[in-house]
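**Q**
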Amino acid sequence: MTHPHNLAVNGSRLWQSLMDMAKIGATEKGGVCRLALTDLDRQGRDLFVRWCEEAGCTVTVDRIGNIFARRPGRDDSLPPVIMGSHLDSQPTGGKYDGVYGVLAGLEVVRSLNDMGYVTEAPVEVAVWTNEEGSRFAPAMVASGVFAGVFDLDYGLSRADLDGRTMGEELARIGYAGDAPVGGRPVGAYFEAHIEQGPILEAEGKTIGVVTDAQGQRWYEITFTGQEAHAGPTPMTRRRDALLGAARVVEAVNRIGLTYGPAACATVGLMQIHPNSRNVIPGRVFFTVDFRHPDDAILAAMDAELRAAVAETAAAIGLETDFRQIWYYAPVKFDAACVAAVRQGVERTGCSSRDIVSGAGHDACYLARVAPTGMVFIPCIDGISHNEIEETTPEWATAGCEVLLHAVLERANA
Ligand code: GLV
Ligand code: MN
Ligand code: MN
Ligand code: MN
Numbered sequence: 087m088t089h090p091h092n093l094a095v096n097g098s099r100l101w102q103s104l105m106d107m108a109k110i111g112a113t114e115k116g117g118v119c120r121l122a123l124t125d126l127d128r129q130g131r132d133l134f135v136r137w138c139e140e141a142g143c144t145v146t147v148d149r150i151g152n153i154f155a156r157r158p159g160r161d162d163s164l165p166p167v168i169m170g171s172h173l174d175s176q177p178t179g180g181k182y183d184g185v186y187g188v189l190a191g192l193e194v195v196r197s198l199n200d201m202g203y204v205t206e207a208p209v210e211v212a213v214w215t216n217e218e219g220s221r222f223a224p225a226m227v228a229s230g231v232f233a234g235v236f237d238l239d240y241g242l243s244r245a246d247l248d249g250r251t252m253g254e255e256l257a258r259i260g261y262a263g264d265a266p267v268g269g270r271p272v273g274a275y276f277e278a279h280i281e282q283g284p285i286l287e288a289e290g291k292t293i294g295v296v297t298d299a300q301g302q303r304w305y306e307i308t309f310t311g312q313e314a315h316a317g318p319t320p321m322t323r324r325r326d327a328l329l330g331a332a333r334v335v336e337a338v339n340r341i342g343l344t345y346g347p348a349a350c351a352t353v354g355l356m357q358i359h360p361n362s363r364n365v366i367p368g369r370v371f372f373t374v375d376f377r378h379p380d381d382a383i384l385a386a387m388d389a390e391l392r393a394a395v396a397e398t399a400a401a402i403g404l405e406t407d408f409r410q411i412w413y414y415a416p417v418k419f420d421a422a423c424v425a426a427v428r429q430g431v432e433r434t435g436c437s438s439r440d441i442v443s444g445a446g447h448d449a450c451y452l453a454r455v456a457p458t459g460m461v462f463i464p465c466i467d468g469i470s471h472n473e474i475e476e477t478t479p480e481w482a483t484a485g486c487e488v489l490l491h492a493v494l495e496r497a498n499a
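The opening position of the sequence shown corresponds to residue 87 in our numbering, with each subsequent residue numbered one higher.
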């Protein structure tokens with residue numbers, strides 16, 4: 087079928103859906119807290135499923151809780167073109183991270199319905215379980231299972247800090263589906279997302295054509311020293327685990343600056359034991375998040391972290407448990423999908439620039455099993471993973487329209 091030029095999406099319907107979804111887990115500062123596999127995540131999923139059924143889609147859920155809403159194609163035996171992202175959020179999350187890609191996908195389906203447009207290949211909208219990795223580490227775990235990067239058992243056994251597993255929580259909220267995870271051909275995958283950084287807005291561009299994504303390494307480190315009384319214990323006789331952690335926090339920051347400006351290095355979670363103001367901390371658990379678009383530099387950052395941890399532990403007399411719990415190499419997105427996004431930009435007349443994703447996305451794993459592309463839209467001041475995360479209806483509409491064009495490019499190929 088030739089590509090029609092008068093395609094449009096309903097931007098106000100998309101925006102209204104974003105605002106309706108944002109009521110589930112709404113926070114006082116205007117953001118969202120909808121952690122993976124909580125009751126609020128269930129409510130978000132239920133709303134999405136209802137909207138998809140109202141749009142005439144068939145909904146299936148796989149064994150790790152990924153949801154697929156399918157709109158049939160003229161030749162329904164063709165592999166589907168999938169659009170998607172996630173509905174889970176950070177504890178201080180915004181209204182758009184993940185949700186935008188899911189609801190932009192739904193809006194593409196609704197718009198195709200309005201136009202009575204039947205694609206050659208089927209089109210699906212996917213919600214991937216636990217993209218954030220905030221409650222259950224690592225991030226992108228369920229798209230990783232779909233892509234064959236992780237075993238299903240590994241995914242289901244991921245536990246939160248209270249010891250509850252993804253498998254238990256999926257069953258509890260009614261989203262432990264029975265469809266097999268992955269193992270089916272995907273014609274193409276497209277994920278629309280807010281940029282989560284400042285580049286597009288600063289340069290006055292509406293669309294980011296995402297060519298690559300940074301690689302990541304995640305670590306969990308436990309330092310064990312000795313609890314002791316904060317008064318009688320002389321400074322020279324302490325084995326303070328928190329002092330060790332503090333030195334590593336400083337080292338992590340230095341490593342990020344050393345390999346900058348593309349390097350990112352963050353300690354985001356720390357648990358201090360026993361966490362009492364007059365006890366010298368005997369045990370500290372903390373995490374490190376490293377990112378870089380160049381795998382060799384990510385490896386160099388890894389070596390420096392290991393050296394800093396070993397040196398710190400030796401100096402203070404701490405025992406160390408050091409684990410790299412997650413790694414994925416930098417991603418290059420599929421040339422034909424990137425071209426389809428670029429073509430969408432041309433057809434809609436948006437301004438654009440190529441961009442490398444600083445964040446992790448389910449698209450990074452889908453890229454291993456399907457031709458994959460991403461569409462970025464700007465967010466205000468580049469702020470994300472924050473309740474004040476904001477974008478505009480105009481940008482959201484433009485990104486959705488580009489997504490529609492890119493999807494049709496592949497679904498009618
Ligand atoms: C999750 O959103 C990440 O990119 O870290
Ligand atoms: Mn996201
Ligand atoms: Mn996120
Ligand atoms: Mn992410």
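Don't be surprised by glycine CBs; every beta carbon is placed ideally from N, CA and C.
Using only CA atoms, which one of THR144, TYR203, GLY111 lies nearest to GLY179?
**A** Taking the Cα of GLY179 as reference, the smallest distance to any Cα among THR144, TYR203, GLY111 is reached at GLY111.
**Q** Return no unless some Cβ of chain D is closer than 8 Å to the Cβ of SER362.
**A** The chain inventory of the structure shown lacks chain D, comprising one protein chain alone.
**Q** Does the beta-carbon of ASN152 have 16 or more other beta-carbons within 10 angstroms, so that it is buried, or is it exposed?
**A** buried
**Q** Assign MET105 to buried or exposed, taking buried as 16 or more other Cβ atoms, counted over all protein chains shown, within 10 Å of its Cβ.
**A** It is exposed - the Cβ of MET105 has fewer than 16 other Cβ atoms within 10 Å.
**Q** Under 5 Å from any heavy atom of ligand 4, by CB: list those residues in chain order, please.
**A** ALA445, GLY446
**Q** At a cut-off of 7 Å, is GLU218 close to ligand 1 when judged by its beta-carbon and the heavy atoms of the ligand?
**A** Checking the Cβ of GLU218 against ligand 1 gives yes.
**Q** Buried or exposed: where does MET321 fall if 16 or more other Cβ atoms within 10 Å of its Cβ makes it buried?
**A** exposed
**Q** Determine the contact status of GLN282 and SER470, defining contact as a CB-CB distance below 8 Å.
**A** yes
**Q** Anyone know if the C-beta pair for ASP298 and PRO457 falls short of 8 Å?
**A** no
**Q** Strictly by DSSP, which residues pair up with HIS447?
**A** DSSP, once it has assigned bridges, lists no residue as partnering HIS447.
**Q** Between the Cα of ALA207 and the Cα atoms of GLN176, MET201, CYS350, ILE168, which residue gives the shortest distance?
**A** ILE168
**Q** Could you please give me the residues that DSSP links to VAL314 through a beta bridge?
**A** In the sequence on display, residue 314 carries Ala and not Val. BP columns for ALA314 point to ILE366.
**Q** Is CYS350 closer than 8 Å to GLY446 when the C-beta atoms are compared?
**A** no
**Q** Let me know the secondary structure DSSP gives ALA351 once reduced to three states.
**A** strand
**Q** Consider the C-beta atom of ASP183 and the heavy atoms of ligand 2; say whether any pair is separated by less than 7 Å.
**A** yes
**Q** Between the alpha carbons of THR373 and ARG244, how many angstroms are there, rounded?
**A** Distance from the CA atom of THR373 to the CA atom of ARG244, rounded to whole angstroms, is 16 Å.
**Q** Under a Cβ-count criterion, where at least 16 other Cβ atoms within 10 Å of its own Cβ denotes burial, should GLN357 be classed as buried or exposed?
**A** exposed
**Q** Can you tell which of ALA449, ARG409, MET460 has the C-alpha that lies nearest to the C-alpha of VAL427?
**A** Ranking the options by Cα distance to VAL427, first place goes to MET460.
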